[in-house]
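Quick note, in this note's numbering, the sequence shown goes up one by one and the last residue is 1727. Virtual Cβ for every residue (Gly too), placed ideally from N, Cα, C. Everything on this sheet refers to the single structure shown next.
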Amino acid sequence: MKTARDGEHSKKPVIECSELTRNFRIKNGIFRSPKYIGAVNGVSLEVQRGEVLAIVGESGCGKSTLAKLLLGLLPQTSGRICFSGIPIQERTRKDIARQAQPVFQDPYSSLNPRKTLGQIIGLPLTVHDIGSLETRERQILEIMEVVGLAPDLVHTYPNQLSGGQRQRVAIARALIMKPEVVICDEPTSALDVSVQAQILNLLLELRKELSLTYVFISHDLAVVEHMADRVAVMYLGRLVEVASTEQIFSSPRHPYTEILLSSILTPNQELGLPTTALKGGFPDPLNPPSGCAFHPRCDKALPMCKYDDPDILNDDIGGVECHLHPNHKEADYG
């Protein structure tokens, strides 16, 4: 039976990030001072319980670094991360692992080739010393059934499996601890297209069955449109737009989001190959542009974009960081 407290708890974000920053020290020669690269720059974000939040952007924009920060695999340089209202610094590594688990990009390299499927899937239970040997064996077989793996595969090794089966093993390993949050970093990009659809549908089914929250990192916008409730668009370590999936795909407000959407390949042959209006290459993170980081590649840039870093506008639609928004100067900033 639900209590008032349960209802109140369910409304709280499962993850909250505030001004989250992660810098990496780069060697600059023996006699020169080191440089620092900002992989994540002042990210503020909430992930609601039960939703699928997708994070999209070009390679090198900071998506995977943000995922590692949320998993506690990297310490933040500054800013704050909270799980269910508790700062991540106040939790042990095991506490974080109980609440959030990853599914990585490449199922070929994320599984130990010397371990059987049963050993791989049951490893979190062993590390956390959960249950007896008999209980663990039963849980392993149960989660294998949930993700669509035949029980007779429990004693096989990863090299005996297909790519899709390996990713199912990775998903089973992530779910055996019954986490609230699963952070998927490009979980299908290394798989064949036909297998991708199976894994994506499996993730959606498991979300409903196990009441999961997903942070879904991808560069494939067609996948994101199928999977996500909300989308966060990342550029050079910053979130430049956050809104519902419907809003992002129907009426994007940031020029970078518009260009990403224009690059989607469609099955309609009459449309031909997509083209983008991006000028130049991705900027050097060691020497980021002044003002708006996107202005050197933006065909809508104003003179002020070169020197004035835009604030983030938060409204009923979502969040956008751009001088071009008509109500930008009059809005209430968050």
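By the 16-neighbour rule on beta-carbons within 10 angstroms, Ile-1479 is exposed. With contacts defined by Cβ atoms closer than 8 Å, Thr-1509 and Tyr-1550 form a contacting pair. Cβ-Cβ distances below 8 Å link Asp-1499 to Ala-1583 in the same chain, with the five nearest sequence neighbours on each side left out; the list follows chain order.
Around Ile-1489, the same chain offers Gly-1465 as residues with beta carbons nearer than 6 Å, after the five sequence neighbours per side are excluded. By the neighbour-count criterion, in which a residue is buried when 16 or more other Cβ atoms sit within 10 angstroms of its Cβ, Ile-1641 is buried. Judged by DSSP in its simplified three-state form, Cys-1698 adopts helix. As a beta-bridge residue in DSSP terms, Ile-1419 pairs with Lys-1428.
Using a 10 angstroms sphere on the CB of Gly-1684, the tally of other CB atoms reaches 16 or more, which defines it as buried. Less than 8 Å divides the Cβ of Tyr-1628 from the Cβ of Tyr-1649. Our two residues, Asn-1421 and Tyr-1429, have alpha carbons roughly 10 Å apart in a direct line. Assignment of Met-1570 by DSSP, reduced to helix, strand and coil, places it in the coil class. Judged by their CB atoms, His-1716 and Cys-1698 are nearer to each other than the 8 Å cut-off. For Arg-1491, the closest of Tyr-1501, Pro-1572, His-1619, Gln-1482 by C-alpha to C-alpha distance is Pro-1572. The beta carbons of Ile-1474 and Leu-1568 sit no closer together than 8 Å. Contact check for Val-1616 against Leu-1653 fails: the beta carbons are separated by 8 Å or more. With respect to the C-alpha of Arg-1600, the residue from Val-1539, Pro-1517, Ser-1457, Pro-1427 having the closest C-alpha is Val-1539. Gln-1558 and Asn-1680 have their C-alpha atoms some 43 Å from each other.
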